[in-house]
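*Asks:*
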Amino acid sequence: RMECSPAPRWPTVPLGGWATPRVVGMLAFLGALLPQDAFSTKNLPPWNCAADFVSVDQWSQEQRSYCCKVANVSCFLTVVPPDVRPMAKVFTRSENFPEAELRAMKAEGKVHTTSFRALQFAFLGAVSSRAKQTSATVKDVVDDADADHDGSINAMEFMQLASALKVGASGHRVQELFEDFAQEVHSEKTIRVATMVKQAEDIAAQAAKVRNAEAGPIREQLKKKHTSPRDWLSSMDSDKDQEVSADDFEESLHKAGVDMGPINAALFFATMDEDVREHVPVDKISEVLEDCSDEGGESSSGDKKKGCHATAARDAPASEAAGR
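Here full-length UniProt numbering is used: the first residue of the sequence shown is 1, the next is one more, and so on.
1) Is it a yes or a no for the segment 172–186 touching the segment 120–130, going by three-plus beta-carbon pairs under 8 Å?
2) Taking the alpha helix (DSSP H) that lysine 284 belongs to, which residues open and close that run?
3) Could you tell me the boundaries of the alpha helix (DSSP H) in which serine 195 lies?
4) Thinking C-alpha only, which one of Gln242, Ser135, Val288, Lys209 is nearest glycine 279?
5) In chain order, what are the residue ranges of uninterrupted beta strand (DSSP E) at least 3 long that sit wholly in the segment 120–175?
6) Which same chain residues, not among the five before or five after asparagine 154, have their C-beta less than 6 Å away from its C-beta?
7) Please go through the same chain and pick out, in chain order, the residues whose beta-carbon is closer than 6 Å to the beta-carbon of alanine 246, but skip the five residues on each side of it.
8) Between isoleucine 285 and leucine 253, how many whole angstroms is the CB-CB distance? I'm expecting something under 8 Å.
9) Of all the options Arg277, Leu124, Leu161, which has the alpha carbon lying nearest to the alpha carbon of threonine 195?
10) I'd like to check one pair, threonine 271 with alanine 207: are the Cβ atoms closer than 8 Å?
11) For glutamine 183, which beta-bridge partners are listed by DSSP?
12) Here's the rule: buried if 16 or more other CB atoms are within 10 angstroms of the residue's CB, otherwise exposed. What is serine 128?
13) If you check the beta carbons only, do proline 229 and glutamate 188 fall under 8 Å apart?
14) Would you identify the three-state DSSP class for glutamate 251, choosing helix, strand or coil?
15) Return the first residue and the last residue of the beta strand (DSSP E) that serine 235 is part of.
16) Using the rule of at least 16 other Cβ atoms within 10 Å of the residue's Cβ for burial, across every protein chain shown, is alanine 169 buried or exposed?
17) What does the alpha-carbon distance come out to for the pair aspartate 273 and aspartate 148?
18) Work out the CA separation of alanine 256 and alanine 200 for me, nearest whole Å.
19) Are there 16 or more other CB atoms within 10 angstroms of the CB of aspartate 202, so buried, or fewer, so exposed?
20) Nearest CA to the CA of valine 197: which residue from Val167, Met159, Ser235, Val141?
21) Give me, in chain order, the residues of the same chain whose beta-carbon lies closer than 7 Å to that of histidine 281; leave out the 5 immediate sequence neighbours on both sides.
22) What does the Cβ neighbour count give for histidine 172, buried or exposed, with the cut at 16 atoms within 10 Å?
23) Bridge partners of serine 115, per DSSP?
24) Report yes if the C-beta distance between residue 325 and valine 193 is below 8 Å; otherwise report no.
25) If you follow the alpha helix (DSSP H) that alanine 256 is part of, which residue opens it and which one closes it?
26) On the premise that valine 288 lies in contact with alanine 215, defined as a C-beta separation below 8 Å, what is that separation, rounded to the nearest angstrom?
27) What distance in whole Å lies between the Cβ atoms of valine 167 and alanine 126, which are believed to be in contact at a cut-off of 8 Å?
28) If you compare alpha carbons, which of Ala164, Leu222, Val210 is closest to valine 258?
29) If we count the other Cβ atoms within 10 Å of its Cβ and call it buried at 16 or more, is aspartate 239 buried or exposed?
30) Rounded to a whole number of angstroms, what is the C-alpha to C-alpha distance between aspartate 144 and lysine 132?
31) Rounded C-beta distance between glutamate 251 and proline 262? I'm assuming under 8 Å.
Below, the structure is given as structure tokens:
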């Protein structure tokens, strides 16, 4: 699913060495000669507003210029015209906006937070986990939730699925999840079964890849700062409830010099949020980070160490790691 922001009335251009004021001015002038609705959403190709997990890396510059959300994962806008920016719910890398502006937009609710993304990923992860626990496929789990067998999940069916998955988030947050996952069809908001199946399968695979790729570097960076994962986690637990949110996690990563980006941070966090409630105990995250070491050997518990220095996935862009 793709939701688009109101399209700009002038052509947008990619940033680059050739984007001089003269070139930009010429493009703007040529754009002014086009019909007034040349860039309206109604004239955009169908892919612009109807896609399930389209890879960001496959988009053209024009596609990136118009779309602000894809399949509830992300849209990395290179150019966001001023008249679109206030209205777009853009979840983006911080370098695409001045940091102060991005924080202001988050505070105003115009940008989904890392915590909300992590909650979405954790929910999709719970669907995959349920399939493994019951020796079923992801499609089996989602099909079971489709009580009226119409190929889509309505609000009531979604709430029942959340209950079956033992989602720990509040009813209000579960409703927000549904609203963001759903698209309106014949005046009713629903989630296509095929879409949710695709999302759950892709997110499960990519989240595991990100966790394996990022845990080692986090641990190494903390070692350089002469602090243990537990002490580092405790320092971000401002209310001392022995739990942290994905927002706290991402911000603390940034302060520690580990900038994996908001989507990878959300994916990493989601792998630990097994109860789907937006907060993860300090002990659980600490265990993941402390258990991460070079391949081989044993952890303190006597188990084989997992090995988290798989750098190939770490070098992938966050948009790719989010999986479409």
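From the three backbone atoms N, C-alpha and C, an ideal C-beta is built for every residue, glycine too.
*Replies:* According to the data block:
1) yes
2) Position 284 of the sequence shown, counted from the first residue, corresponds to residue 284. Counting along the chain, the alpha helix (DSSP H) containing lysine 284 begins and ends at 282–290.
3) Position 195 of the sequence shown holds residue 195. The amino acid occupying residue 195 in the given sequence is threonine; serine does not appear at that position. 193–224 is the span of the alpha helix (DSSP H), which, as asked, contains threonine 195.
4) Reading the sequence shown from its first residue, position 279 is the one you call residue 279. Before going further, note that residue 279 is histidine rather than glycine in the sequence given. For histidine 279, the nearest C-alpha among the options comes from Gln242.
5) none
6) Here residue 154 refers to the residue found at position 154 when the sequence shown is read from its first residue. If we look at asparagine 154 and ignore the five residues flanking it on each side, its Cβ neighbours are Thr190.
7) As a first step, residue 246 is located in the sequence shown; it is residue number 246 there, counting from the start. Thr114, Ser115, Ala118, Ala266, Phe269, listed in sequence order.
8) For the purposes of this step, residue 285 is identified with residue 285 of the sequence shown, where counting begins at 1. For the purposes of this step, residue 253 is identified with residue 253 of the sequence shown, where counting begins at 1. Taking C-beta atoms under 8 Å as the contact rule, isoleucine 285 and leucine 253 fail to qualify, at a distance of about 11 Å.
9) In the sequence shown, residue 195 corresponds to position 195, counting from 1. The option with the nearest alpha carbon to threonine 195 is Leu124.
10) For the purposes of this step, residue 207 is taken as residue 207 along the sequence shown, with counting starting at 1. For the purposes of this step, residue 271 is taken as residue 271 along the sequence shown, with counting starting at 1. Contact: yes.
11) By one-based count along the sequence shown, residue 183 stands at place 183. In the DSSP output, where bridge partners are listed per residue, glutamine 183 has Thr190.
12) Within the sequence shown, the letter at position 128 stands for residue 128. Buried is the call here.
13) Mapped onto the sequence shown, residue 229 falls at position 229. Mapped onto the sequence shown, residue 188 falls at position 188. Not closer than 8 Å, so no.
14) For this step, residue 251 is matched to residue 251 along the sequence shown. It is helical.
15) In the sequence shown, residue 235 corresponds to position 235, counting from 1. Element bounds for serine 235: not the beta strand (DSSP E) but the alpha helix (DSSP H), 229–236.
16) By 1-based counting over the sequence shown, the position of residue 169 is 169. Result: buried.
17) By 1-based counting over the sequence shown, the position of residue 273 is 273. By 1-based counting over the sequence shown, the position of residue 148 is 148. Each residue's alpha carbon lies about 30 Å from the other.
18) Reading the sequence shown from its first residue, position 200 is the one you call residue 200. Reading the sequence shown from its first residue, position 256 is the one you call residue 256. A direct Cα-to-Cα measurement between alanine 200 and alanine 256 gives close to 31 Å.
19) Working through the sequence shown from its first residue, we reach residue 202 at position 202. By the neighbour-count rule (16 or more Cβ atoms within 10 Å), aspartate 202 is buried.
20) Your numbering for residue 197 matches position 197 in the sequence shown. Measuring from the Cα of valine 197, the nearest candidate turns out to be Val141.
21) For the purposes of this step, residue 281 is taken as the residue at position 281 of the sequence shown. Looking at the sequence shown, residue 281 is not histidine but proline. For proline 281, where only same-chain residues beyond five positions count, the Cβ hits under 7 Å are Gln242, Glu243.
22) Here residue 172 refers to the residue found at position 172 when the sequence shown is read from its first residue. Result: exposed.
23) Position 115 of the sequence shown, counted from the first residue, corresponds to residue 115. Answer is none; serine 115 lacks a bridge partner.
24) As displayed, the chain neither begins before 1 nor continues past 324, which places residue 325 out of reach and without an answer.
25) What you label residue 256 is simply residue 256 of the sequence shown in a count that begins at 1. That residue, alanine 256, is in no alpha helix (DSSP H); it is neither H nor E in DSSP.
26) In the sequence shown, counting from the first residue as 1, residue 215 sits at position 215. In the sequence shown, counting from the first residue as 1, residue 288 sits at position 288. Going by Cβ atoms, the distance from alanine 215 to valine 288 rounds to 6 Å, so yes, they are a contact pair.
27) Within the sequence shown, the letter at position 126 stands for residue 126. Within the sequence shown, the letter at position 167 stands for residue 167. Right, their Cβ atoms sit about 7 Å apart.
28) Here the question's residue 258 lines up with position 258 in the sequence shown. Nearest option by C-alpha distance: Leu222.
29) Within the sequence shown, numbered from 1, the residue matching residue 239 stands at position 239. Aspartate 239 should be labelled exposed.
30) On the sequence shown, residue 144 is found 144 positions in, with the first residue counted as 1. On the sequence shown, residue 132 is found 132 positions in, with the first residue counted as 1. Looking at the two C-alpha atoms, the distance is approximately 15 Å.
31) Walking along the sequence shown from the start, residue 251 turns up at place 251. Walking along the sequence shown from the start, residue 262 turns up at place 262. Contact flag wrong, Cβ pair sits at about 10 Å.
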